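Taken in sequence, the protein lines are chains Z and R. Numbered according to our numbering, the first sequence spans residues 1 to 492. Numbered according to our numbering, the second sequence spans residues 1001 to 1479. Heads up, the beta-carbon is just placed ideally off N, CA and C, and yes, glycines get one too. Source: prediction; values computed, not measured. The next block holds one structure in the form of structure tokens; read it before the comments.
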Amino acid sequence: MLGNDITIPHLLIFFPLIAGLITFFLKNDVSVKAWSLFSVIVTLFISIASLYYSSSAALSGLTFNYEWLKYLGCSFSVSLDGMGRLLTFLTAFCFPLIFVATYRNSYKNSKMFYGLMLLSQAGLMGVFLSTDALLFYFFWELALIPVYFLCSFWGGEKRIAATFKFFIYTFTGSLLMLIGIIYVYLHTAATPFSDHSFSLQAFRAVNFMPSQQNWLFWLFFIAFAIKMPIFPFHTWQPDIYEQSPTAVTMVLSGVMVKMGVFGVIRWLVPLFPEAVAKFDNVVIGLSVIGMIYASLIAIKQDDLKRLAAYSSIAHIGLMCAAIFTTQQMALEGVMIQMFSHGINIIGLWIVIDLIEKQTGSRKISQLGGVAHKAPILTIMLVVIAFANIALPLTNAFVGEFMMFGGLFKFNVWYTAVAGLSIIFAAVYTLNMVQKVFYGEANSITASMKEIALNEKIILSVIVVAIFMVGVYPQPFFELTKDTVAAVITRFK
Amino acid sequence: MILLRQDLDENMNAIILTAICGIIMMFGGVIFKSKATPKYWAIAGLVIIIISNCLELTSGDPFFAIDVRNMLSFNSFNLTFITVALVATLLYFLLSATDIEKVGANVSEYFALIFFVLCGVSLAATFNTLLILFIGIEIMTIPLYILTGSDKRNLKSNEAALKYFLMGTFSTGIMLMGIAFIYGGNSEGSFFINNINLGEGKMPVMIAIGMVFMMIAMSFKVSAAPFHFWTPDVYDGAPTVFTSFMATIVKVGGFIAFIRLFENSFGQVQAQWQMLIAIITAATLFIGNLTAVFQQSVKRMLAYSSIAQAGFMLLAIFALNDTAKEGLILYSVAYSFATIGIFAILIKMRDYTIDGFNGLAKQQPVLAVTATVFLLSLTGIPLTAGFQSKFYMLMAALRNGHQHWLVVFAVLCAAVSAYYYFKIIQAMFFKEASQDVDFISEGNEVTPTFKILLITTAVLIIVVGIFPSIVTEWLHYSF
């Protein structure tokens, strides 16, 4: 690797962190943008390098341990397993997309904006990398703080209230999880320095009574459910997606909601298998209700951003349901869908942002005929829209198909009801495409122009990614094989 | 696992030196001609005390070897706490000494009183008999009655002083009554705290009554609900610069006395009084947090928030284990530093309402950013000392293994606290100032030194948040 002291997980966390801190001290806007774009591209390369170490022998080089709080048995231990690599890659991949796509947006006090964005990237990397519960909790909260400032400072009109709601929701959830973490910690075995340990292995080694698992499960699950979000903890989400500056919305919906899914797979399911088996119907039920509910609301939405937000709730609901089926097929589907959903939703936001910037409106009822004015944009959008509905050949098809397959094995009725959400997705997505892009151009859309080069490049990258993953998803299965296997073995 | 160093040497550095400094400062009113001189003497004196105390902590060599006949006990926990209190006071002097000068004419006396309070805190942290506890608590509070009323021409200050004095003496009376009951309940008649006749099975009635009285009296001193009613008025009425001192060093001093008393005297029968303290804790958390939400004045909000924070510190007394003691030390650091910092900023402000902070970040970015760190620490966000301290408290309470509902209740209250702390952050960063007024009141100026000190404090809070062991290190070694 790169010597014993600096490993790839380190670079993934500390490079964005230091880059972000440097950004605060840069002078003019051009250098801020150039520097932050440069740093996210470097991070992307580091992440690509991590993908090459696929064998388990090389994996030891991707692990790092440092006694951090010695007396507590907490260490700064980071490691890249399959799912970690997938999600750090997603994070590293999304940030350049976001930065290039919003390159022309100007922000007041841009060094703060980009600095905070990079800090949130560092926080996200930390969440996906840490194999120590306390460290995980640290990053879990730290990823939130930059986003809080980003939304409250650069967001829309009702930003303060929306962000505050978001913050209080997630903070409450996190604190409940903290209790859970401490409780599990107090039951772990002793280490040479301390009575207990926060490491993931130690956590997994604890065997709890079913009664203990039952309430520990909910302490953890509520934190993750708020983050994902799962019905009925979702009410913060449409508001914050609507009010945030678009770049932040992309981070939130593309990457940050994956924290919840990731948390369930990494920290909840392996720790409390019996409770998972006990509450699977409750969770899947909530997820399915959320899917249908969010899809129905999405049909009625007139605001493009809110439509995308509710559509996202529906997609995440399916992922959550799929995890709790504990079927191998479904879990593999979740893995690939985490990546696909991140790409697709960012593509959708980019298009919405472009339309809003040019026409000043996000209302479906006010728009129309964009296709005449911007044919390339329309082609790109249609592909992304198809991916959102999960048509075959697109990336989402692979994931959704496998997740529904797993759900079908678990219970046919859930599958039947959840399957309605695909139809609803087609209804609201195609309705949106039809009303916004086709028909006659009106006074609002008359000024629409074709998209610029940077936007073309980014949307092409997304479209290519959609097809590539849709046609050849095998590398993703290979990548996340170990994680899926590790989770499944807990249930045998 | 904490291995406490129990020294047989009698190390009274802090107690004696604070008393000497207090007396010097008292005469300083006659000696010093300039109004600005006392603060330099006070800071110098405090630095000497800190150094001597640290020497004592690290090497165990006392300057004054006095046979205290086991009336005082010095171990690494007590000494660490005294160091924390002294360092916090130093920080307070550095940040706010110029504001102390503005309160009134008797500058030197104010410093003298603060040194006496520190002497009381040192006694309250090291007592081994109920009598020393009583003396310590009284030395700690009587100067505060004077400091509260030091703004003589301000009616609110007078009212606060009188209220504080009446309530304080009332609780002192209860404490004395408690001591008398405990003394009477002991067949041999002893004041030593580790020598109380706790009986087999249930506590003897006399002792139990005494214990409840002690609990009530201590709850008064640390402003735990339902004995907190004096706190908002007194904190609000007192000159802000003294509120800062009262809400931090004195309050954590009270907590150290509280935990030492209950650990050493009633620790063995914890099961019999744990429910009582759990209810007090829950009530304190609930009332403190809920009432703070509705405050418009930042000063009053901080008064209620100090009640809320006291609720979290009470978890240490509820848990009463090594983690709790370690956590209480950390909490003292986190809470004192952050509160002293936020008060130092508040003193400079023209308008004490939350709206008065609107748009502060534009005009005074350093003040706004450091205030944000202090508020994040009070909320308990990771990377700040406040998180570590809250984390230790929760861990202590869970490790105790009883009454898990209290822990869940505590974190829900902590989530509520985010609401009012973040209101100030929102005002500073995301709202516009109503007109082009100066945020800083006349006569106060934000000097570069002040800014550097604020930044230092903020950095300290973050460093402790990442490496809490620099504070708790001493508790883990035995000599």
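Query: For Z:Met-335, the residue or residues it bridges with in DSSP; Result: Z:Met-335 pairs with nothing; no bridge assigned.
Query: DSSP-derived helix/strand/coil call for Z:Asp-303; Result: strand
Query: Spatial distance of R:Met-1025 from R:Gly-1189 (CA atoms); Result: 39 Å
Query: Neighbour flag for R:Pro-1382 against chain Z, beta carbons, 8 Å; Result: yes
Query: Closest by C-alpha distance to R:Thr-1037, when choosing among R:Met-1313, R:Asn-1106, R:Val-1252, R:Ala-1316; Result: R:Asn-1106
Query: Whether Z:Ala-330 touches Z:Met-402 by CB criterion (8 Å); Result: yes
Query: From Z:Ile-350, Z:Phe-224, Z:Asn-411, residue whose alpha carbon lies closest to that of Z:Val-127; Result: Z:Phe-224
Query: Burial state of Z:Ser-55, where buried means 16 or more other Cβ atoms lie within 10 Å; Result: Here Z:Ser-55 scores only 49 on pLDDT, less than 50, and its place in the model should not be relied on; the value that follows carries that caveat. The residue in question, Z:Ser-55, is exposed, as its Cβ has fewer than 16 Cβ neighbours within 10 Å.
Query: Residue environment, R:Ala-1044, which counts as buried when at least 16 other CB atoms sit within 10 Å; Result: exposed
Query: Assigned secondary structure, Z:Met-112 (DSSP; H/G/I helix, E/B strand, else coil); Result: helix
Query: Z:Phe-171: contacting residues in chain R (beta-carbon distance under 7 Å); Result: Ala-1415, Ala-1418
Query: Top-ranked residue by Cα proximity to Z:Ser-531, from Z:Asn-214, Z:Thr-483, Z:Ser-361; Result: Outside the displayed span of chain Z (1 to 492) sits residue 531 of chain Z, for which this structure offers no information.
Query: Cutoff 8 Å: Z:Tyr-71 Cβ touching any chain R Cβ; Result: yes
Query: Unbroken alpha helix (DSSP H) run spanning Z:Gln-201, endpoints; Result: 200 to 205
Query: The stretch 249 to 256 of chain Z touching the stretch 271 to 282 of chain Z, judged by at least three CB pairs closer than 8 Å; Result: no
Query: Touching by the beta-carbon criterion (3+ pairs, under 8 Å), the stretch 136 to 156 of chain Z and the stretch 174 to 182 of chain Z; Result: yes
Query: R:Phe-962 - DSSP class collapsed to helix/strand/coil; Result: This structure cannot speak to residue 962 of chain R, because chain R is shown only from 1001 to 1479.
Query: Contacts around R:Lys-1163, its chain only, beta-carbon distance under 7 Å, and the 5 residues preceding and following it disregarded; Result: Trp-1230, Asp-1233, Val-1234
Query: Contact between the stretch 1177 to 1189 of chain R and the stretch 1141 to 1160 of chain R (3+ Cβ pairs under 8 Å); Result: no
Query: Under 8 Å by beta carbon: chain R residues contacting Z:Glu-543; Result: The question about residue 543 of chain Z has no answer, for chain Z in this structure spans 1 to 492.
Query: Inter-stretch contact (C-beta, 8 Å, three-pair minimum) for the stretch 1114 to 1130 of chain R and the stretch 1267 to 1283 of chain R; Result: no
Query: For R:Ile-1050, the three-state DSSP class (helix, strand or coil); Result: helix
Query: Contact between the stretch 456 to 476 of chain Z and the stretch 336 to 352 of chain Z (3+ Cβ pairs under 8 Å); Result: yes
Query: C-beta neighbour in chain R for Z:Tyr-183, strict 8 Å; Result: yes
Query: Members of the stretch 128 to 139 of chain Z near chain R, C-beta cut-off 9 Å; Result: Leu-134, Tyr-137, Phe-138, Phe-139
Query: Unbroken stretches of the alpha helix (DSSP H), 4 residues or longer, contained in the stretch 269 to 314 of chain Z; Result: 273 to 300
Query: Per-residue DSSP class, three states only, for R:Phe-1127; Result: strand
Query: Near-chain R residues of the stretch 224 to 253 of chain Z - C-beta to any C-beta below 9 Å; Result: none
Query: Distance, R:Thr-1449 Cα to R:Ala-1368 Cα; Result: 16 Å
Query: Assumed close pair Z:Lys-70, R:Ser-1389 - CB separation to whole angstroms, cut-off 8 Å; Result: Not a contact, Cβ separation roughly 18 Å.
Query: Pairwise C-alpha distance: R:Asn-1400 and R:Asn-1321; Result: 7 Å
Query: Assigned exposure category for Z:Asp-302 - 16 Cβ within 10 Å defines buried; Result: exposed
Query: Identity of the residues DSSP links to Z:Lys-363 by a beta bridge; Result: Z:Asp-303
Query: Rounded distance between the beta-carbons of R:Leu-1285 and R:Ala-1308, thought under 8 Å; Result: 6 Å
Query: Proximity test, Cβ basis, 8 Å: Z:Phe-153 and chain R; Result: yes
Query: Sequence-distant residues of the same chain with beta carbon closer than 8 Å to Z:Val-248, five excluded per side; Result: Met-117, Val-147, Leu-150, Cys-151, Trp-154, Gly-155
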